[in-house]
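Here is the structure we will look at.
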Amino acid sequence: MDKFVHSDKNSTTELISNDTHTENKTGVLLSFNTETCKSTDEDEIIESTTLPVFTEHLNNCFASDGKSTKESDTTEFTENDDDCELDLSARFPTDRGMFKNCISDKLKREILKYGPCKPEIDFPLNDSKRKFSKIYYYVKLKNGTLIPRPWLCYSVIWDMVYCETCWIFSDKNNCNLKKERVEGINDWQHLSQKINIHEFSLSHLNAMKVRSTWTKNLTIDKEFETQISKEAKFWRDILTRIVKIILTLTSGNTALRGNEGKQYSEGNFLRTVKLVAEFDPILKSVFDNEKKFKIKYLSPTIQNELIEILASNVRQIICNEISTCSSGFSIIMDSTQDITKVDQVSIIIRYVIIDHEKHVLQIKESFIGFYKIDQHRAQNYENLIYKVLSDTNLDIKKMQRARV
């Protein structure tokens, strides 16, 4: 057996092999009973006398500050649209044979969330009349205790066993990393020996440590996501109330500003918001914590943006309704000068809604918006009609007439 020297560097335990000719180039963590490395029958549960020592060392690795395992030790995952989700319709969604060597972080989270691929099926025989057995999913101690191997998985597609931890979290650029640990093996005759060597190898321990650190970071990310979702819901509730107030005022043709000629005036909108805040704890919290909430979505700019968004949605609903009319539509235009001496044309579309089930015919006239016009010539109005039809995405073939 190899002799190992423990050296302390950066408060992290490193394992250095003194024998450069050892078959296991990554090193065996510690000596174990050689009898457990011999080929065992597939129906015999593998015994391990070193698991308690191994577990103690593994816990020490997880308790360290993690500086020895850098971000570069993990595989560089690329976000691909093809592998971002599990195929839950498959019999074994996390089967190694369904994925590439390098997978995205999102898919990595999905695999860990779903669980390892450990089927308990009638495993196929190879040419030597040997096959995999579910007993390898466990380690049997001398006292008879069965301890699961969470990292050992079986691919039904490939008929191979593989280490899920090394596949996802090992350093693929490490020259000492054996290909079989990532892609799997099907040497059932020597499987017991290979499993014992692998689970005590340094590369496997490093991958286990990266997995533990990564899982802890997921927990932290989840807390951040929860906090972000909570804040998003809060501001969504605020905007919902503001939109409802705007709709209430505009539906009654009430001006939001409502200037009374004073130097400073809150206007109808702010007065209504403060009135609702007296009875609504969510709006009230915005006014009570002015230092915390510097952004309140109450400025004139926000008001205008919300009005424009609402108007655009209403306009789209009207245009969709007009498009369904089989009888067509007509355009009514009326121009007037505003206070800045600019001619603006109001566009109203007249159309008929027919309810064949109720035998009801309804004539509607819907206001679309104001359009600026420079001159009152026929060509100007023609260009204006084309612009209106383009903005509303209406079919000119359905237009019956245009009246000025």
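In terms of this note's numbering, the sequence shown opens at residue -7 and continues consecutively.
Glycine included, each C-beta is placed from N, C-alpha and C at the ideal position.
Since the structure is predicted, the reported quantities are computational estimates derived from the model, not experimental observations.
Neighbour-count burial assignment, residue i, 16 or more Cβ in a 10 Å radius
i: Asn25; result: Below a pLDDT of 50, predicted positions are generally treated as unreliable, and Asn25, at 38, falls in that range; the measurement from the model is reported next regardless. Classification of Asn25: exposed, given that the 10 Å Cβ count is below 16.
i: Lys100; result: buried
i: Glu215; result: exposed
i: Ala199; result: buried
i: His351; result: exposed
i: Arg395; result: exposed
i: Tyr128; result: buried
i: Lys170; result: buried
i: Leu231; result: exposed
i: Leu376; result: buried
i: Glu191; result: buried
i: Ser81; result: exposed
Short CB-CB distance (under 8 Å) between residue i and chain C
i: Ile324; result: Absent here is chain C; the protein component of the structure consists of one chain.
Range of the contiguous alpha helix (DSSP H) that encloses residue i
i: Tyr343; result: That residue, Tyr343, is in no alpha helix (DSSP H); its beta strand (DSSP E) goes Asp335 to Asp347.
i: Ala303; result: Pro292 to Ser315
i: Ile189; result: Leu183 to Glu191
i: Arg249; result: Premise fails: Arg249 is in no alpha helix (DSSP H) and is neither H nor E.
i: Ser277; result: Pro273 to Asp280
i: Thr384; result: Ala370 to Thr384
i: Ala269; result: Gly259 to Ala269
Residue of the options minimising C-alpha distance to residue i
i: Pro85; options: Tyr130, Gly259, Asn305 and Ser147; result: Ser147
i: Asp97; options: Ile177, Ala370 and Ile160; result: Ile160
i: Leu397; options: Phe124, Thr207, Ser81 and Leu248; result: This structure gives no information on residue 397, because the portion of the chain shown stretches from -7 to 396.
i: Lys92; options: Leu78, Arg83 and Lys105; result: Leu78
i: Thr384; options: Thr332, Asp366, Ile238 and Ile314; result: Ile314
i: Tyr154; options: Lys134, Ile187 and Pro140; result: Ile187
i: Lys121; options: Trp180, Leu138 and Val174; result: Trp180
i: Ser162; options: Glu282, Asn209 and Cys94; result: Cys94
i: Ile234; options: Leu290, Lys356 and Gln185; result: Leu290
i: Asp387; options: Pro273, Phe362, Ser318 and Thr242; result: Ser318
i: Cys193; options: Gln367, Pro140 and Thr157; result: At residue 193 the sequence reads Ser, which differs from the Cys that was named. Nearest of Gln367, Pro140 and Thr157 to Ser193, Cα basis: Thr157.
i: Phe115; options: Lys126, Thr293, Asp87 and Thr207; result: Lys126
i: Lys236; options: Asn372, Gln336 and Val265; result: Val265
i: Ile113; options: Leu80, Leu133 and Ile149; result: Ile149
Bridge partner(s) assigned by DSSP for residue i
i: Asp326; result: Ser338
i: Met200; result: In the DSSP output, where bridge partners are listed per residue, Met200 has none listed.
i: Ile422; result: Outside the shown range of the chain (-7 to 396) lies residue 422, about which nothing can therefore be said.
i: Arg88; result: None, per the DSSP bridge assignment.
i: Cys155; result: Leu144
i: Tyr130; result: Pro140
i: Phe321; result: Tyr343 and Met391
i: Phe287; result: Sequence inspection shows Ile at residue 287; the Phe mentioned does not correspond to that position. Beta-bridge pairing links Ile287 to no other residue.
i: Ile177; result: Val153
Start-to-end residues for the beta strand (DSSP E) that takes in residue i
i: Phe362; result: Val352 to Lys364
i: Tyr146; result: Leu144 to Ser147
Any non-hydrogen atom of the ligand FAD closer than 7 Å to residue i Cβ
i: Gly136; result: The ligand FAD is absent from the structure shown, which contains no ligand whatsoever.
>> With a threshold of 8 Å, are at least 3 pairs of Cβ atoms found where one atom belongs to the stretch 310 to 325 and the other to the stretch 341 to 353?
In response: With a cut-off of 8 Å, the stretch 341 to 353 and the stretch 310 to 325 count as touching, because enough Cβ pairs lie within range.
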